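What follows is a short report on a single structure.
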Amino acid sequence: METNFTNTTHLFSVEYYYFTENSVYGVDQNGTSPPFLSYKNISWSGSAIGDEDWENYNYWNGSQYPSGYSQIRIILTAFFVTFIMVVIVVGNMLVCIAIATEKALKTVQNWFIASLAVSDFLVGLVIMPFSLAKELMGYWIFGTVWCDIHSALDVLLCTASINNLCLISLDRYWSVTQAVEYLKKRTATRAVLMICFVWILSALISLPPLLGWKKEERPEDYPSCSLSDDVGYVLYSALGSFYIPAIVMVFVYIKIFMAARSRARRHVKKTRQASEVTNDPPKDKSTTTTTCTSFSNPSPPDKRRDTDIFR
């Protein structure tokens, strides 16, 4: 008679199935050895109750979650990361409000900063809370649909943040090297197009896994959440999201530093030349000034001197 093993094991409110070879019940009538459903009763505190050898075998190192974090580490990590999230959300929200309300800050250059603040604001508000829960528990509990959306948004917003930094560096470089020409070309329409280009480029990097550019997921003991493990996509996203923008920013800021240093040297040289012209020679300068003053503004005759002559 064929045996059907349909029992379930609940570990910390997570359905967990694990099968081992059936060395106890042998072979059934069909000549096959059905898998045996291993069962271990684990309490919420992490202690094990069951077989004798289970005392030396602990899945999660005494933790109540598959992540292996202790309770103290979970509390400290959650507190620290939550504090960072609050700072990110509040800080970037204040930047957006200031640029939107203050007339002095409503410049084209600050639009790039506002775009960067929006991307960082969404990272702290949408991405970090779910990533924190996944890190602390060691598995994904929010479903496959939100997993795909969350992973795509993670790549989109992080890529947009880095590309906005790259755009700001290019804007500063063109403002330093081509001050007059670039300031004439940097209109509101051009700035909006540049910001839209950054977000479209970020979307082109984050959306391909949702369209099928990913490997088939392997069955795992606990649900996980990742965008794509395909080697081609990993290289594609790494180049577009980090390496190329980082190389551009390093090159641009080096050029800005060199241009600012050369400009400072020219300014110092002009200042020295001007000081040398005004201070050389000091004696002739005083004589010339006295002579010119005497010719242009002759002094009146001294009355005392005239009276002495007549005496």
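Numbering-wise (UniProt numbering), the sequence shown opens with residue 1 and increments by one.
For glycine and all other residues, C-beta sits at the position ideal for the given N, C-alpha and C.
Computed from a prediction, not measured in an experiment: that's the story for all the values here.
Mark residue i as exposed unless 16 or more other C-beta atoms lie within 10 angstroms of its C-beta, in which case mark it buried.
{"i": "S115", "result": "buried"}
{"i": "L193", "result": "exposed"}
{"i": "L122", "result": "buried"}
{"i": "A238", "result": "exposed"}
{"i": "T6", "result": "Here T6 scores only 40 on pLDDT, less than 50, and its place in the model is too uncertain to base an answer on."}
{"i": "L76", "result": "exposed"}
{"i": "T187", "result": "exposed"}
{"i": "I72", "result": "exposed"}
{"i": "R263", "result": "exposed"}
{"i": "S275", "result": "exposed"}
{"i": "I49", "result": "Per-residue confidence for I49 stands at a pLDDT of 41, beneath the threshold of 50, marking its modelled position as unreliable; the derived number appears in the next sentence. It is exposed - the Cβ of I49 has fewer than 16 other Cβ atoms within 10 Å."}
{"i": "I97", "result": "exposed"}
{"i": "V27", "result": "Reliability fails at V27, whose pLDDT of 49 lies under 50, so the model's placement of it is uncertain and the value that follows must be treated cautiously. Answer is exposed; the Cβ neighbour count stays below 16."}
{"i": "A179", "result": "exposed"}
{"i": "V87", "result": "exposed"}
{"i": "A100", "result": "exposed"}
{"i": "V268", "result": "exposed"}
{"i": "V231", "result": "exposed"}
{"i": "V277", "result": "exposed"}
{"i": "T271", "result": "exposed"}
{"i": "A160", "result": "buried"}
{"i": "Y25", "result": "For Y25, the pLDDT reaches just 47, beneath the cut-off of 50, and the residue's location in the model is therefore unreliable, although a value from the coordinates is still provided. Y25 should be labelled exposed."}
Report the CB separation of residue i from residue j in whole angstroms; it is logged as a contact under 8 Å.
{"i": "I162", "j": "F242", "result": "6 Å"}
{"i": "G138", "j": "M85", "result": "About 20 Å; that fails the 8 Å criterion."}
{"i": "S70", "j": "E135", "result": "At roughly 14 Å, the Cβ-Cβ gap does not stay under 8 Å, so S70 and E135 are not in contact."}
{"i": "C195", "j": "F112", "result": "Residue 195 is actually Ile in this sequence, not Cys. About 7 Å; that satisfies the 8 Å criterion."}
{"i": "Y236", "j": "P209", "result": "No, Y236 and P209 are not in contact; Cβ-Cβ is about 10 Å, not under 8 Å."}
{"i": "T108", "j": "A191", "result": "Note that residue 108 is Val in the sequence shown, not Thr. The pair is a contact, with the Cβ atoms about 5 Å apart (cut-off 8 Å)."}
Taking only beta-carbon atoms, is residue i less than 8 Å away from chain D?
{"i": "G143", "result": "The structure shown contains no chain D, having only a single protein chain."}
Q) With a cut-off of 8 Å, do at least 3 Cβ pairs link the region 210-228 to the region 145-158? A) Because the criterion of three Cβ pairs below 8 Å is met, the region 210-228 and the region 145-158 touch.
Practice item. Indicate whether the contact test is met: 3 or more Cβ pairs, each with one atom in the region 134-150 and one in the region 185-205, closer than 8 Å. Key: The region 134-150, when compared against the region 185-205, does not touch it at the 8 Å Cβ threshold.
Taking three-plus beta-carbon pairs below 8 Å as touching, is the region 91-104 in contact with the region 239-254? Judged by Cβ distances under 8 Å, the region 91-104 makes no contact with the region 239-254, as fewer than three pairs qualify.
> Is the number of C-beta pairs between the region 108-127 and the region 207-222 that are closer than 8 Å three or more?
Replying inline: Judged by Cβ distances under 8 Å, the region 108-127 makes no contact with the region 207-222, as fewer than three pairs qualify.
**OP:** Tell me, please, whether the region 168-180 touches the region 253-261 by the rule of three or more beta-carbon pairs shorter than 8 Å.
**Re:** Cβ pair count under 8 Å is three or more, so yes.
Those runs of the alpha helix (DSSP H) which lie wholly inside the region 154-240 and span at least 4 residues
The region 154-240 contains these whole alpha helix (DSSP H) runs: 179-185, 188-206 and 231-238.
At least three beta-carbon pairs within less than 8 Å, the region 72-82 to the region 124-136:
Counting C-beta pairs with one atom in each stretch, the region 72-82 and the region 124-136 have three or more that are closer than 8 Å, which means they touch.
Length at least 4, wholly inside the region 56-119: the alpha helix (DSSP H) runs in chain order: The qualifying runs are 71-101.
Completely contained alpha helix (DSSP H) runs for the region 118-148, where each covers 4 or more residues: The qualifying runs are 128-137.
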